[in-house]
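Straight run, no breaks: the sequence shown in full-length UniProt numbering ends on number 446. Cβ atoms here follow ideal geometry from the backbone N, Cα and C, with glycine treated the same way. To keep things clear, I will list the structure first and then write my remarks on it.
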Amino acid sequence: MEAVLRAKILGILLVLVLALLPSSWARGGGEKAFITVLPLPSKDVPPSIQDQVLAAIARQLRKQYGTRVLSGRAVGRAVWGTFGSGLEEAGMRFTSRVSEGKQAYQQLQVDKTLKIMNAAVRYQQFCGPEIRDPAIFTDLHVFAGLAHLAQGGQDKAMAEFRQAVSHDPGLVLSGKRFPPDVVDTFARAKRQLLSGQPTQVSIVSRPAGAEVYVDGRSQGTTPVAAPLYPGRHFIRVELEGYSPWTLSLPDDFPPREIKALLVPLWTGDPPEDLLAKAIAVEEFDEPELAQLRLLAGFFRANALVLASLSQDGRNTHLGIRLFVVEPEIATRARLFNLGSDPGGYDRKVRGVVGTLKDLQRVRGLKVADSSDPFGGNMPDKDVFRPRDDGREKERKWIRNSGPAWYESWWFWTIVGGVVVAGGVTGLTIWLMQPEESWTLIIQPSQ
């Protein structure tokens, strides 16, 4: 009798636990609208700024509208490739400038060397992950350091030498090519950097098995651990059939983990006509609408957010436009000035995303309740559900739409086992575990 009573009490407690769960948990992932943020190519905004703004858009879409979101530069590259991005041009100019700076130093033109290498650094911020020759990175900083040393700037020279060693810890200067004082200064800078232990950076991807390059050197396939010393580093993750995923790490201690969500390549040609009109025209014609329908279908998205970033002097401008699949809505483009201080971008992006009121009309969308502490802030996964093209088995990381998890047979099988065992506490703890967060954009400072 006591056992039956105990089972009834535990059953009531379980129902109460389920009733008290936030609605966003209760309905699972099946009913959440899925939004793809499609960035347009940008050749004048540094990738680090693009990453910050695109990540902020994704966070605010989740928070304000309770949606699932796919965002990041890799999404745009999956559709446009390198068209309009300036990446190839920046890579060629970067390589050329380093070669010119090296030649200028060898001709004892110290001032010219520094001027050229400073120009190379500006190109490097755009194209760093695209460079496949590791020697270009070390040449940049070695010869900039040599030029600083020739001008008496020993501290600046040491900083450049440390960065060169960060790219290649095995780097040495030959006593046959350089004077003893130069070799000694370089060796001292190298000892300073290598006196500490490198950070074992875990690099993982979905799907796994992608080739990883750090500063132009292959590190193997994901999952992989790469030992990185403090300094700037350039990460590239590649898998056939997917868009390259890239990240530039700032001059600091590397993060312990980097997660890359890879995006399958768009199956058609880059929609150049859409690119030209995405922000420029007030209303789309039928050809552009048809292209947007195709893109939304490819990404299996309920809506597309077209995002354009450009530079006007020191200010960054964000152009944004919404396309909703059902009911079909194509809003007019709006242009926002984010200003020149990246520290204020997140706050301004919150206001920009708040203007996308037509998202509330997406069929099945349930807007997150700001009074619910879990509503828009619940840890979420970036989920990509591409069109079936015969590679479905390779995409085990895709979460298919289905019944809410607490309605499925396996969930109640687990519940039944727990109730019979008389242990509802363990189930409650299991239910409260947040989902693992996978994002396209990693902000190392956060």
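Residue environment analysis places K102 among the buried positions, since at least 16 neighbouring C-beta atoms fall within 10 angstroms of its C-beta. The Cβ atoms of S71 and V37 sit closer than 8 Å to each other. I116: not part of any beta strand (DSSP E); member of the alpha helix (DSSP H) spanning 110-127, first to last residue. For Q219, the uninterrupted beta strand (DSSP E) run begins and ends at 217-221, by DSSP. For S310, the uninterrupted beta strand (DSSP E) segment begins and ends at 303-312. Rounded to the nearest whole angstrom, the C-alpha separation of S310 and L318 is 7 Å. In the three-state DSSP reduction, P47 falls in the helix class (H, G or I). By the Cβ rule, the region 243-256 does not count as touching the region 140-151, because fewer than three pairs are nearer than 8 Å. K259 sits in a strand when the DSSP states are folded into three classes. Three or more beta-carbon pairs separated by less than 8 Å link the region 219-228 to the region 198-210, which places the two stretches in contact.
Listed in chain order, the non-local C-beta contacts of G339 below 8 Å within the same chain comprise N315, T316, Y345, K348, local neighbours out to five positions each way being set aside. Within the same chain, Cβ atoms closer than 7 Å to the Cβ of E238 are found at A210, E211, P244, the five residues on either side in sequence being excluded. Taken through DSSP and simplified to helix, strand or coil, Y229 comes out as coil.
In this structure, the CA atom of F298 is about 8 Å from the CA atom of W266. Runs of the alpha helix (DSSP H) lying entirely within the region 129-190 and spanning at least 4 residues, in chain order: 134-150, 154-167.
For the pair of segments examined, the region 182-198 was found to touch the region 156-167: the number of CB pairs separated by less than 8 Å reaches three. Within the model, the alpha-carbon separation for E283 versus R77 is close to 25 Å. If you draw a straight line from the Cα of Y105 to the Cα of L149, it is about 12 Å long. For I258 and T355, the gap between their C-alpha atoms comes out near 32 Å.
Contact annotation: S205 and L262 have beta-carbon atoms nearer than 8 Å. The criterion of a C-beta distance shorter than 8 Å is not satisfied by A290 and L40.
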